[in-house]
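A quick write-up on the structure given underneath.
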Amino acid sequence: MVPTSHLLMLTSDPTVAWALASAISAEEAAKVLGDAGEAKGFKFDWRSLIPRLKRRSEDTEIDDAALEGVAGGVAVNGAYMPLGGGWMISGN
0 MVPTSHLLML
10 TSDPTVAWAL
20 ASAISAEEAA
30 KVLGDAGEAK
40 GFKFDWRSLI
50 PRLKRRSEDT
60 EIDDAALEGV
70 AGGVAVNGAY
80 MPLGGGWMIS
90 GN
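Note that numbering that gives the first Met the number 0 gives residue 9 to position 10 of the sequence shown, counting from 1, and the numbers run on in steps of one.
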């Protein structure tokens, strides 16, 4: 599992944050982070990030439904840390 500190470092890059903001799904956001991590020399499977990612919005029902969709119907409970580009990641 990739340390959250590495993900925060990646999202501090404006180019990565912009690409995350453009990502529609958690899969797209995970791919952006995977590509950015690979460019920095971090080795991790970007697909492992998909169930941990959640789009930030004002409507928690939409957030929960989207999260359940990428996590196979089971919402991931835990603390979320904000990432750039309107996404959050769980510590799980």
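We put the CB at the ideal spot given by N, CA and C, even for glycine.
None of these values were measured; they are calculated from a predicted model.
1. So what does DSSP say about residue 82, is it helix, strand or coil?
2. First and last residue of the alpha helix (DSSP H) that includes residue 6?
3. Excluding sequence positions up to five away, which residues of its chain have a Cβ less than 8 angstroms from the Cβ of residue 69?
4. Quick check on the burial criterion: 16 or more other C-beta atoms within 10 angstroms. Buried or exposed for residue 86?
5. Output yes or no for whether 8 angstroms exceeds the beta carbon distance between residue 84 and residue 19.
6. For the beta strand (DSSP E) that residue 30 lies in, which residues bound it at each end?
7. When DSSP builds the beta bridges, which residues end up paired with residue 53?
Let me spell this out:
1. In the sequence shown, counting from the first residue as 1, residue 82 sits at position 83. Coil, per DSSP.
2. Stepping through the sequence shown from its first residue, residue 6 is reached at position 7. Its alpha helix (DSSP H) spans residues 3–10.
3. Position 70 of the sequence shown holds residue 69. With a pLDDT of only 49 at residue 69, under 50, the local geometry of the prediction cannot be trusted, and the value read off the model is given with reservation. Correct list, in chain order: 24, 25, 26, 49, 50, 52.
4. On the sequence shown, residue 86 is found 87 positions in, with the first residue counted as 1. Result: buried.
5. Numbered from 1 along the sequence shown, position 85 holds the residue referred to as residue 84. Numbered from 1 along the sequence shown, position 20 holds the residue referred to as residue 19. Closer than 8 angstroms, so yes.
6. On the sequence shown, residue 30 is found 31 positions in, with the first residue counted as 1. Taken as a continuous stretch (DSSP letters only), residue 30 belongs to no beta strand (DSSP E), being part of the alpha helix (DSSP H) at 25–38.
7. As a working mapping, residue 53 is identified with position 54 in the sequence shown. BP columns for residue 53 point to 87.
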